[in-house]
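Chains as they are written, first to last, in the numbering used here: chain A, 18 to 290; chain B, 4 to 493. A virtual CB, placed ideally from N, CA and C, is assigned to each residue, including glycine. If you're wondering where the values come from, they're calculated on a predicted model, not measured in any experiment. In what follows, a single structure is set out as structure tokens and then discussed.
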Amino acid sequence: MKVVIFSTCVVDLVFPNVGKAMVEVLERFGCDTELPSRQICCSQITNNSGYVRESQKVMRNEVDSLLSIDADYIVGPAGSCVNMLKEYVVRLRDDPVYLEKAKVLAAKTYEFSQFLYYVLGVSNAGAELDATATYHRSCHMTRLLGERHSPYALLARVKGLKLLPLPNLENCCGFGGMFSMKEPEISKQMVDEKVDSVLATNAQVLISCDPACLMNIGGRFNRRGEKITIMHLAEVLNHNVDMSRVTYVKDDPLTLAEWPHDAGMTAELIKEA
Amino acid sequence: MAIAYSDKPFKVRLAESEQDTFMQKAVAKAQDAQWTKRTASRNELGHWEQWRELGQQIRQHVVRYLPDYLEEFADNAEKRGAHVYFARTDKEAAAYIRELAERKHVQHVVKSKSMVTTEIDLDQELLKIPGLSLLETDLAEFILQEDDWDEPTHIVFPTLHKNRDQIHEIFAKIGYKGDNDPQHMARFAREYLRASFLKADMGITGCNFAVADTGMVNLVTNEGNGDLTMAIPPTQVVVMGMERLVPSLKEAEVLDNMLARSAVGQKLTSYCSFSSVAATGESDGPTEYHIVIVDNGRMNALGGPFEEVLQCIRCGACLNVCPVYRHIGGHGYGSIYPGPIGAVLSPVLRGYKQFGDLPFASSLCGACTETCPVKIPLHSLLIKHREVMMNELHMDTGLNKVTYKALGLATGTPAIFHMGISVDHSMTALLSHHQEPTAQNYFMGDGIMSKLPFILGGWTVIRDMPRPPRAKDNFRSWFKQHKQLQEAGR
Chain A
18 MKVVIFSTCV VDLVFPNVGK AMVEVLERFG CDTELPSRQI CCSQITNNSG YVRESQKVMR
78 NEVDSLLSID ADYIVGPAGS CVNMLKEYVV RLRDDPVYLE KAKVLAAKTY EFSQFLYYVL
138 GVSNAGAELD ATATYHRSCH MTRLLGERHS PYALLARVKG LKLLPLPNLE NCCGFGGMFS
198 MKEPEISKQM VDEKVDSVLA TNAQVLISCD PACLMNIGGR FNRRGEKITI MHLAEVLNHN
258 VDMSRVTYVK DDPLTLAEWP HDAGMTAELI KEA
Chain B
4 MAIAYSDKPF KVRLAESEQD TFMQKAVAKA QDAQWTKRTA SRNELGHWEQ WRELGQQIRQ
64 HVVRYLPDYL EEFADNAEKR GAHVYFARTD KEAAAYIREL AERKHVQHVV KSKSMVTTEI
124 DLDQELLKIP GLSLLETDLA EFILQEDDWD EPTHIVFPTL HKNRDQIHEI FAKIGYKGDN
184 DPQHMARFAR EYLRASFLKA DMGITGCNFA VADTGMVNLV TNEGNGDLTM AIPPTQVVVM
244 GMERLVPSLK EAEVLDNMLA RSAVGQKLTS YCSFSSVAAT GESDGPTEYH IVIVDNGRMN
304 ALGGPFEEVL QCIRCGACLN VCPVYRHIGG HGYGSIYPGP IGAVLSPVLR GYKQFGDLPF
364 ASSLCGACTE TCPVKIPLHS LLIKHREVMM NELHMDTGLN KVTYKALGLA TGTPAIFHMG
424 ISVDHSMTAL LSHHQEPTAQ NYFMGDGIMS KLPFILGGWT VIRDMPRPPR AKDNFRSWFK
484 QHKQLQEAGR
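Below, the structure written as structure tokens:
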């Protein structure tokens, strides 16, 4: 199956390894990947700052670029950015041509862990990581995209990985796009509490499905001089892979493979559109 | 105290709240405790998402037909003998009640908790009357009053920022001789307040819901002071926001249920009362009953992009889940309506000049929208406020505006972006330095950036930033090589 990679600006700008890992995992499970070169950014950085009009061009560019290759699916490594692509059905609703394109885009776009787990049906990706880790559940992926299950299900089957519960996991890490730069006084207190929560678990590795949250939390860890290893879920699932360990959702009695169709606020928006 | 109670700039209030570590701990503890209680009480009810849809439908319906329901309620209340007054502004509302108190030669006023009376600054208006005594009888509001009218930090828990020792000090000033045990202090307050109910000649309450088809006022409280305020004084004043209506008792039942679970994690509050003028033959209840319906900016929202904010039932659940409120507390917002609902409502009521900072004080995490029992899309409304400020009112100026316009251009134009990622590594040479990082697998671009210029400086003032990788090592280049290798291998 053909999969278009939605790279996201954060991966393009600072985290190449996240993109590489995602491509390698997807190809391992039979995807033929493509990277449309004209894609740039989902537009949250400007749109959510109030520059809504200026963001329309950004969104239209993203729609045209990602749909420029006729693929079965579009997959991205960031819950928040993937959610924004889905929200285009609301944000581009005044433009009939782009509204139709946005609906096509929303229907075939997936966040990486959701795609791997629900679409490819992989429950154990064959990875091994001998470490203790905790998982940061990003806000937009959890609340807007409505995904609370797939990353945990995939992490639970990584050989050697001991996943520790993160206290107050429902609280935002303080990233919030330009909020992190516009309101550093507030953002600092939020990210400090997050760093403290991670430290309280004594985990060696912090994992998330949102590179921007990791950029925020990791940057604060480093500034405070505290030790941590930052990993995106794709990097974990691409670590020391042995294909003999691979299991699929349909054969795995432990998995709950129910697609959360009605979960998340964005699903409601799409339904209304 | 009016809606805005502080003239201090937002950044100054933030700095002050950051110093207030007691407040921060108290808020965090209350949020965590409420999380458990609220979730349990909602789960116990079952089908919470369907309840939310029902709550939303009821409130949207009322807002859509607001003029009709206001008329119906006013007619029915008047039939029961109440006087109904529509106040366009806070000043009109407060003046009406002051004139009433003067006309009736009122000596002693007792009040139960009401945000809208705080909004119209009623206490200070009434205290202008020589010789008049006024007492807040809700325990928390009583504490604030005795602390020289300290500002509330929460719409449901106004004294969240005070500990038992601070309250002990406040009570000592009015004759309390006991220790700092909350039970002992509450008993003292109870006795102190009881006497004032008996001598009061005017009672003032807020209104949780005004029931249109019966003309009655629904009040939910936990301390019983609301009922004493309603039952004893001969003259009764109810102050209500103009959107606070329900069609009938059926809808009041639904919303009371959701309000109690959302606000305090209870099935129902200890007292849930429906009041009006004393009927013939009734032994208690007011003989003169005034209902003051307050607009004070609410009409600004009707029919506009912020109309959904009028659905609010003032449960405060959005404050209890907000990670920003968790750290800056109520005083950080400088509005009697703090937290997510306050950041949406305050600019609607009082404009962007006073409250334009508040919609930006959010990471848009969506916890507020998720918990709201009547499904107000709070985080989306915050973005809407930002849009109005930037796109319609052009409130951003100078470098900020240029930066965002440039960002919009760069993220919307492939040629510019491609050029950017091909030179970003070399361009950041002077801004980067080498250091052994404590965050592993984070700095992929051979260097750390700790001091960035312009708006990016807001990032590096508290955190480090990975230097962008060399053009040949970025994701786009890797993917190209990767595909070439795949082709070659075929």
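Which residues bound the alpha helix (DSSP H) around leucine 402 (chain B)?
Sequence index remark: in the second sequence, residue 402 (chain B) carries index 399 (1-based). Start and end: 401-415.
Kindly list, in the order they appear in chain B, the residues whose Cβ is closer than 7 Å to that of aspartate 29 (chain A).
Taking the first residue of the first sequence as 1, we reach residue 29 (chain A) at position 12. By Cβ distance, chain B contributes Ile424, Asn477, Phe478, Arg479.
Under 6 Å Cβ to Cβ from serine 279 (chain B), same chain only, skipping five residues before and after it: list those, please.
Mapped onto the second sequence, residue 279 (chain B) falls at position 276. Closer than 6 Å at the Cβ level, and outside the excluded window around serine 279 (chain B), lie Arg83, Met219.
With a threshold of 9 Å between beta carbons, is alanine 18 (chain B) in contact with chain A?
Locating residue 18 (chain B) in the second sequence gives position 15, counting from the first residue. Chain A, which has a Cβ nearer than 9 Å to the Cβ of alanine 18 (chain B), makes this yes.
Which residues mark the beginning and the end of the beta strand (DSSP E) in which methionine 243 (chain B) is found?
As a position in the second sequence, residue 243 (chain B) is number 240, starting the count at 1. Run containing methionine 243 (chain B): 238-244, per the beta strand (DSSP E) assignment.
How many whole angstroms separate the CB atoms of alanine 123 (chain A) and leucine 102 (chain A), which I take to be in contact at a CB cut-off of 8 Å?
Here the question's residue 123 (chain A) lines up with position 106 in the first sequence. Here the question's residue 102 (chain A) lines up with position 85 in the first sequence. Yes, alanine 123 (chain A) and leucine 102 (chain A) are in contact; Cβ-Cβ is about 7 Å, under 8 Å.
On the three-state DSSP scale, how would you describe alanine 443 (chain B)?
Here residue 443 (chain B) refers to the residue found at position 440 of the second sequence. Per the sequence shown, the amino acid found at residue 443 (chain B) is glutamine instead of alanine. Note: glutamine 443 (chain B) maps to strand in three-state DSSP.
9 Å is my cut-off, CB to CB: does leucine 459 (chain B) come that close to chain A?
Here residue 459 (chain B) refers to the residue found at position 456 of the second sequence. It does; some Cβ of chain A falls within 9 Å.
Note down, in chain order, all residues in the segment 186-201 of chain A with a beta-carbon under 9 Å from any beta-carbon belonging to chain B.
Glu187, Asn188, Cys189, Cys190, Gly191, Phe192, Gly193, Gly194, Met195, Phe196, Ser197, Met198, Lys199, Glu200, Pro201
Which value, in whole angstroms, describes the spacing of the CA atoms of cysteine 190 (chain A) and valine 31 (chain A)?
For the purposes of this step, residue 190 (chain A) is taken as residue 173 along the first sequence, with counting starting at 1. For the purposes of this step, residue 31 (chain A) is taken as residue 14 along the first sequence, with counting starting at 1. Pairing cysteine 190 (chain A) with valine 31 (chain A), the inter-Cα distance amounts to about 19 Å.
Whose CA, out of A:Ser72, A:Glu252, A:Glu117, A:Arg240, lies closest to the CA of serine 453 (chain B)?
Stepping through the second sequence from its first residue, residue 453 (chain B) is reached at position 450. Cα-wise, what sits closest to serine 453 (chain B) is A:Arg240.
With contact counted as at least three CB pairs below 8 Å, one residue from each stretch, are the segment 118-132 of chain B and the segment 81-96 of chain B in contact?
yes
Along chain A, in chain order, which residues have C-beta atoms closer than 9 Å to that of serine 366 (chain B)?
The count along the second sequence starts at 1 and reaches residue 366 (chain B) at position 363. Neighbours of serine 366 (chain B) on chain A, chain order: Cys156, Cys189, Cys190, Gly191, Phe192, Gly193, Gly194, Phe196, Ser197, Glu200, Ile203, Ser204, Met207.
What's the gap between the Cα of arginine 237 (chain A) and the Cα of proline 472 (chain B)?
Your numbering for residue 237 (chain A) matches position 220 in the first sequence. Your numbering for residue 472 (chain B) matches position 469 in the second sequence. Straight-line Cα distance between these residues: approximately 20 Å.
Going by DSSP, name the residue or residues bridged to tyrosine 90 (chain A).
Indexing the first sequence from 1 puts residue 90 (chain A) at position 73. Answer by DSSP bridge pairing, in chain order: A:Val20.
Counting only runs of 3+ residues fully inside the segment 126-214 of chain A, write out the beta strand (DSSP E) ranges in chain order.
At a cut-off of 3 residues, the continuous stretches assigned as beta strand (DSSP E) that sit fully inside the segment 126-214 of chain A are 126-128, 139-141, 145-153, 176-181.
Which partner residues does valine 30 (chain B) have in the DSSP bridge list?
By one-based count along the second sequence, residue 30 (chain B) stands at place 27. According to DSSP, valine 30 (chain B) bridges with nothing at all.
Does chain A have any CB closer than 9 Å to the CB of lysine 116 (chain B)?
As a working mapping, residue 116 (chain B) is identified with position 113 in the second sequence. It does not; no Cβ of chain A falls within 9 Å.
Can you have a look at arginine 301 (chain B) and say buried or exposed, based on whether 16 or more other CB atoms are within 10 angstroms of its CB?
Position 298 of the second sequence, counting from 1, holds the residue named residue 301 (chain B). Of the other Cβ atoms in all chains shown, 16 or more fall within 10 Å of the Cβ of arginine 301 (chain B); this residue is therefore buried.
Counting only the same chain and skipping the five closest in sequence on each side, list residues whose C-beta sits under 6 Å from that of proline 362 (chain B).
Position 359 of the second sequence, counted from the start, is the residue given in the question as residue 362 (chain B). The answer, listed in chain order, is Ala346, Leu385, His388, Arg389.
Three-state secondary structure (DSSP) at lysine 40 (chain B)?
As a working note, residue 40 (chain B) is residue 37 in the second sequence. Correct three-state label for lysine 40 (chain B): helix.
Pick out whichever of B:Pro350, B:Phe277, B:Gly423 has its Cα sitting closest to the Cα of alanine 304 (chain B).
On the second sequence, position 301 is the one that residue 304 (chain B) refers to. The shortest C-alpha separation from alanine 304 (chain B) is found at B:Pro350.
In terms of alpha-carbon separation, which member of A:Arg77, A:Val35, A:Lys205 lies closest to alanine 364 (chain B)?
Counting from one through the second sequence, the residue named residue 364 (chain B) turns up at place 361. When each option's Cα is compared against that of alanine 364 (chain B), the closest is A:Lys205.
Can you look up threonine 24 (chain B) in the DSSP assignment and give me helix, strand or coil?
Residue 24 (chain B) sits at position 21 when you count from the first residue of the second sequence. Secondary structure at threonine 24 (chain B): helix, using DSSP grouped into helix, strand and coil.
Per the DSSP calculation, phenylalanine 358 (chain B) is bridged to which residue(s)?
Translated into the one-based positions of the second sequence, residue 358 (chain B) becomes position 355. According to DSSP, which records beta bridges pairwise, phenylalanine 358 (chain B) is partnered with nothing at all.
Below 9 Å between beta carbons is the criterion; list the residues of the segment 24-53 of chain A that meet it against any residue of chain B, in chain order.
Ser24, Cys26, Val28, Asp29, Leu30, Val31, Phe32, Pro33, Asn34, Val35, Gly36, Lys37, Val40, Glu41, Glu44, Thr50, Glu51, Leu52
Alpha helix (DSSP H) containing leucine 1 (chain B): first to last residue?
This structure does not reach residue 1 (chain B), given that chain B is present from 4 up to 493, and the question cannot be answered.
Give the range of the beta strand (DSSP E) segment to which isoleucine 207 (chain B) is assigned.
If you number the second sequence from 1, residue 207 (chain B) lands on position 204. According to the DSSP assignment, isoleucine 207 (chain B) belongs to the beta strand (DSSP E) that extends over 205-208.
Could you tell me the boundaries of the beta strand (DSSP E) in which lysine 114 (chain B) lies?
Here residue 114 (chain B) corresponds to residue number 111 of the second sequence, with the count starting at 1. Counting along the chain, the beta strand (DSSP E) containing lysine 114 (chain B) begins and ends at 111-114.
Mind checking which residues open and close the beta strand (DSSP E) that includes serine 278 (chain B)?
Mapped onto the second sequence, residue 278 (chain B) falls at position 275. Taken as a continuous stretch (DSSP letters only), the beta strand (DSSP E) holding serine 278 (chain B) covers 274-278.
Thinking C-beta only, is lysine 118 (chain A) closer than 9 Å to leucine 84 (chain A)?
As a position in the first sequence, residue 84 (chain A) is number 67, starting the count at 1. As a position in the first sequence, residue 118 (chain A) is number 101, starting the count at 1. Yes, the Cβ-Cβ distance between leucine 84 (chain A) and lysine 118 (chain A) is below 9 Å.
Is leucine 488 (chain B) helix, strand or coil when you go by DSSP?
Taking the first residue of the second sequence as position 1, residue 488 (chain B) is located at position 485. Residue state, collapsed to three classes: helix.
Looking at C-beta atoms only, is the number of pairs between the segment 127-137 of chain B and the segment 255-262 of chain B that lie closer than 8 Å three or more?
no
I'd like to confirm something about histidine 428 (chain B): is its beta-carbon nearer than 8 Å to some heavy atom of the ligand ADP, or not?
Ligands in the displayed structure: none, and consequently the ligand ADP is not present.
Buried or exposed for serine 273 (chain B), please, with buried defined as at least 16 other CB atoms from any protein chain shown within 10 angstroms of its CB.
Your numbering for residue 273 (chain B) matches position 270 in the second sequence. Exposed, by the Cβ-count rule.
DSSP three-state call for alanine 274 (chain A): helix, strand or coil?
Within the first sequence, numbered from 1, the residue matching residue 274 (chain A) stands at position 257. With a pLDDT of only 45 at alanine 274 (chain A), under the threshold of 50, the placement of this residue in the model should not be trusted; the figure read from the coordinates follows. Looking at alanine 274 (chain A) - three-state DSSP - the assignment turns out to be coil, as it is neither helix nor strand.
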